[in-house]
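Asker: This is the structure, below, for whatever I ask next.
In the numbering used here, the protein residues as written are 2 to 371.
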């Protein structure tokens, strides 16, 4: 937290540079002027005030951090609201919306006007036209019999990538779960590419399974050894005459993580199935607060979430810190640089603490047919 708030006082600091800030430097920067700068995003967001949020109390909490540093012990409510502010500004999740271009064309976009996104705001703005040109449109919500199951994204001519555990919600492996010979549909599956995820004109039927990881995937415990991936064959032109969005370029460079740590996730977060609790069974109020602030009640819509690559879990899995929820299963993880290539397939997360994705370059190297 000292690094996060200290970095917020440094004009123009990049997200990557913010992670390397010395906590002692962050502590020193939280003087009166630094605290005012750090709380600016929340002040703008609250306007005339918001029930349950005491800005003076938060300022006093930052003052305590300035004096006591890592030895500081803040009240739970103060800590929760400060951590929520970090998520809101450093790792936001922004609704994808529609913009009409000067020539009258509608494109999907991310509106950065007034966006409190720390160092990501400039990166997003620089990438906005490239995002509008295809990547935002190429991500859709997967439904089974009209029920939201997950996310998928276009990776080839009539091909959509998602997770095997999403596939298992609408298709059954035969004659066995591991290394099946074929899959049979048990629900009518569709993928909808609209921002709302609920536009009949942008729905495409899932026709068959082109590829799936060989082993059955269970949601818990999370296994990094299994390939939680599936490639679906979908119709290329839907009933409304709309052509399938153009595909992402799927990364093949195994060294991409050394070039740039900035990334983004696009997907359709779903509301949590239950209120998260900690190891002692107590409700995690920090998570509840963050979810309420970030998403409100607008779940199952398309969101854009920036973040950074974190640890490499194993050869074909890496961690990232973009904000995600359950419905994000099957979301694209894209590089927030260059041509915005798909570098990962998001498959699991731990309540805004950590997120896991398959490294597509590593997966392709191990599966030459993909």
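C-beta: ideal position from N, C-alpha, C; glycine also.
Does the stretch 203-217 come into contact with the stretch 122-131, if we say contact requires no fewer than three beta-carbon pairs (one atom in each stretch) closer than 8 Å?
Answerer: In short, these stretches do not touch, since the Cβ pair count stays below three.
Asker: Taking DSSP as the reference, what is the three-state secondary structure of residue 130?
Answerer: Start at 1 with the first residue of the chain shown, and residue 130 comes out as number 129. Correct three-state label for residue 130: helix.
Asker: I need the straight-line Cα distance from residue 61 to residue 36, nearest angstrom please.
Answerer: As a working note, residue 61 is residue 60 in the chain shown. As a working note, residue 36 is residue 35 in the chain shown. Cα-Cα distance, rounded: 9 Å.
Asker: Quick check: residue 348 and residue 179, are their CB atoms within less than 7 Å of each other?
Answerer: Within the chain shown, the letter at position 347 stands for residue 348. Within the chain shown, the letter at position 178 stands for residue 179. The answer is no: Cβ separation not under 7 Å.
Asker: Check the DSSP bridge columns for residue 109 and list the partner residues they point to.
Answerer: For the purposes of this step, residue 109 is taken as the residue at position 108 of the chain shown. Answer is 99, bridged to residue 109.
Asker: Residue 143 to residue 234, Cα distance in whole Å?
Answerer: As a working note, residue 143 is residue 142 in the chain shown. As a working note, residue 234 is residue 233 in the chain shown. Residue 143 and residue 234: Cα-Cα distance of roughly 13 Å.
Asker: Looking at the structure shown, is residue 1 part of a helix, part of a strand, or coil, going by DSSP?
Answerer: Nothing can be reported for residue 1: it is not among the residues displayed for the chain, which extend from 2 to 371.
Asker: In this structure, what does DSSP give as the bridge partners for residue 357?
Answerer: The residue labelled residue 357 in the question sits at position 356 within the chain shown. Beta-bridge pairing links residue 357 to 320, 349.
Asker: Which one of 29, 325, 243 has the shortest CA to CA distance from residue 300?
Answerer: Taking the chain shown and counting its residues from 1, one reaches residue 300 at position 299. With distances taken between Cα atoms, residue 300 lies closest to 325.
Asker: Is residue 29 helix, strand or coil by DSSP?
Answerer: Reading the chain shown from its first residue, position 28 is the one you call residue 29. Three-state DSSP puts residue 29 in a helix.
Asker: Would you kindly work out how many angstroms separate the C-alpha atoms of residue 303 and residue 155, rounded to a whole number?
Answerer: For this step, residue 303 is matched to residue 302 along the chain shown. For this step, residue 155 is matched to residue 154 along the chain shown. Straight-line Cα distance between these residues: approximately 15 Å.
Asker: What are the start and end residues of the beta strand (DSSP E) that includes residue 183?
Answerer: Position 182 of the chain shown, counted from the first residue, corresponds to residue 183. From DSSP, the beta strand (DSSP E) with residue 183 extends over 183-186.
Asker: Do residue 341 and residue 136 have their C-beta atoms closer together than 7 Å?
Answerer: Within the chain shown, numbered from 1, the residue matching residue 341 stands at position 340. Within the chain shown, numbered from 1, the residue matching residue 136 stands at position 135. Yes, Cβ-Cβ distance for residue 341 and residue 136 is below 7 Å.
Asker: Just grab the DSSP bridge partners of residue 149 for me.
Answerer: Translated into the one-based positions of the chain shown, residue 149 becomes position 148. BP columns for residue 149 point to 144.
Asker: What would DSSP say about residue 217, mapped onto helix, strand or coil?
Answerer: The residue given as residue 217 occupies position 216 in the chain shown. In this structure, residue 217 counts as coil in the three-state DSSP scheme.
Asker: Check whether the Cβ atoms of residue 194 and residue 203 sit closer than 7 Å, and answer yes or no.
Answerer: To locate residue 194, count along the chain shown from 1; it is residue 193. To locate residue 203, count along the chain shown from 1; it is residue 202. It is a contact, given that the beta carbons lie within the stated cut-off.
Asker: Rounded to the nearest angstrom, what separates residue 345 and residue 171 at their Cα positions?
Answerer: As a working note, residue 345 is residue 344 in the chain shown. As a working note, residue 171 is residue 170 in the chain shown. Roughly 23 Å between the two C-alpha positions.
Asker: Rounded to a whole number of angstroms, what is the C-alpha to C-alpha distance between residue 49 and residue 33?
Answerer: For this step, residue 49 is matched to residue 48 along the chain shown. For this step, residue 33 is matched to residue 32 along the chain shown. Low local confidence applies: a pLDDT of 43 at residue 49 is under 50, so the model's placement there is unreliable, and no value is given.
Asker: Excluding the five sequence neighbours on either side, which residues of its own chain have a C-beta within less than 8 Å of the C-beta of residue 98, listed in chain order?
Answerer: Along the chain shown, read from residue 1 onward, the residue named residue 98 stands at position 97. Counting only Cβ-Cβ distances below 8 Å, and skipping sequence neighbours, we find 109, 110, 111, 112, 196.
Asker: I'd like to confirm the pairing. Which residues does DSSP put opposite residue 204 in its beta bridges?
Answerer: Start at 1 with the first residue of the chain shown, and residue 204 comes out as number 203. Paired residues: 193.
Asker: In this structure, what does DSSP give as the bridge partners for residue 307?
Answerer: Here residue 307 corresponds to residue number 306 of the chain shown, with the count starting at 1. Residue 307 is bridged to 265.
Asker: Please classify residue 281: does DSSP put it in a helix, a strand, or coil?
Answerer: Residue mapping note: residue 281 aligns to position 280 of the chain shown, counting from 1. If DSSP states are grouped into helix, strand and coil, residue 281 belongs with coil.
Asker: Could you check where the alpha helix (DSSP H) with residue 238 kicks off and where it finishes?
Answerer: Counting from one through the chain shown, the residue named residue 238 turns up at place 237. Element bounds for residue 238: n/a, residue is neither H nor E.
Asker: Just the C-alpha distance for residue 386 and residue 160, rounded to the nearest angstrom, thanks.
Answerer: Not covered by the structure: residue 386. The range shown for the chain is 2 to 371.
Asker: Alpha helix (DSSP H) containing residue 168: first to last residue?
Answerer: Start at 1 with the first residue of the chain shown, and residue 168 comes out as number 167. Its alpha helix (DSSP H) spans residues 165-168.
Asker: Given a threshold of 16 other Cβ atoms within 10 Å of its Cβ, counted over all protein chains shown, does residue 72 qualify as buried or as exposed?
Answerer: For the purposes of this step, residue 72 is taken as the residue at position 71 of the chain shown. Residue 72 is exposed by the Cβ-count criterion.
Asker: What's the gap between the Cα of residue 127 and the Cα of residue 139?
Answerer: The residue labelled residue 127 in the question sits at position 126 within the chain shown. The residue labelled residue 139 in the question sits at position 138 within the chain shown. Cα to Cα, the separation comes out at about 19 Å.
Asker: Sort 306, 355, 251 by Cα distance to residue 319 and report the nearest one.
Answerer: Taking the first residue of the chain shown as 1, we reach residue 319 at position 318. The residue with the shortest Cα to Cα distance from residue 319 is 355.
Asker: Quick one: give me the first and last residue of the beta strand (DSSP E) that residue 175 is part of.
Answerer: Mapped onto the chain shown, residue 175 falls at position 174. Run containing residue 175: 172-175, per the beta strand (DSSP E) assignment.
Asker: Mind reading off the beta-carbon distance from residue 232 to residue 332? Whole number of angstroms is fine, and I expect it under 8 Å.
Answerer: Position 231 of the chain shown, counted from the start, is the residue given in the question as residue 232. Position 331 of the chain shown, counted from the start, is the residue given in the question as residue 332. Not a contact, Cβ separation roughly 15 Å.
Asker: Give the DSSP bridge partners of residue 336, in chain order.
Answerer: On the chain shown, residue 336 is found 335 positions in, with the first residue counted as 1. Answer is 264, bridged to residue 336.
Asker: Go ahead and label residue 219 buried or exposed: buried means 16 or more other beta carbons lie within 10 angstroms of its beta carbon, across all protein chains shown.
Answerer: Against the chain shown, residue 219 aligns to sequence position 218. Its Cβ having fewer than 16 others within 10 Å, residue 219 is exposed.
Asker: Pick helix, strand or coil for residue 212, following the three-state DSSP scheme.
Answerer: Here residue 212 refers to the residue found at position 211 of the chain shown. In this structure, residue 212 counts as strand in the three-state DSSP scheme.
Asker: Which value, in whole angstroms, describes the spacing of the CA atoms of residue 330 and residue 269?
Answerer: Within the chain shown, numbered from 1, the residue matching residue 330 stands at position 329. Within the chain shown, numbered from 1, the residue matching residue 269 stands at position 268. Their backbone Cα atoms lie some 8 Å apart in a straight line.
Asker: In the structure shown, what three-state DSSP assignment does residue 157 receive?
Answerer: Stepping through the chain shown from its first residue, residue 157 is reached at position 156. In the structure shown, residue 157 sits in a strand (DSSP, three-state: E or B).
Asker: Do residue 157 and residue 248 have their CB atoms nearer than 7 Å?
Answerer: Reading the chain shown from its first residue, position 156 is the one you call residue 157. Reading the chain shown from its first residue, position 247 is the one you call residue 248. For residue 157 and residue 248, yes; Cβs fall inside 7 Å.
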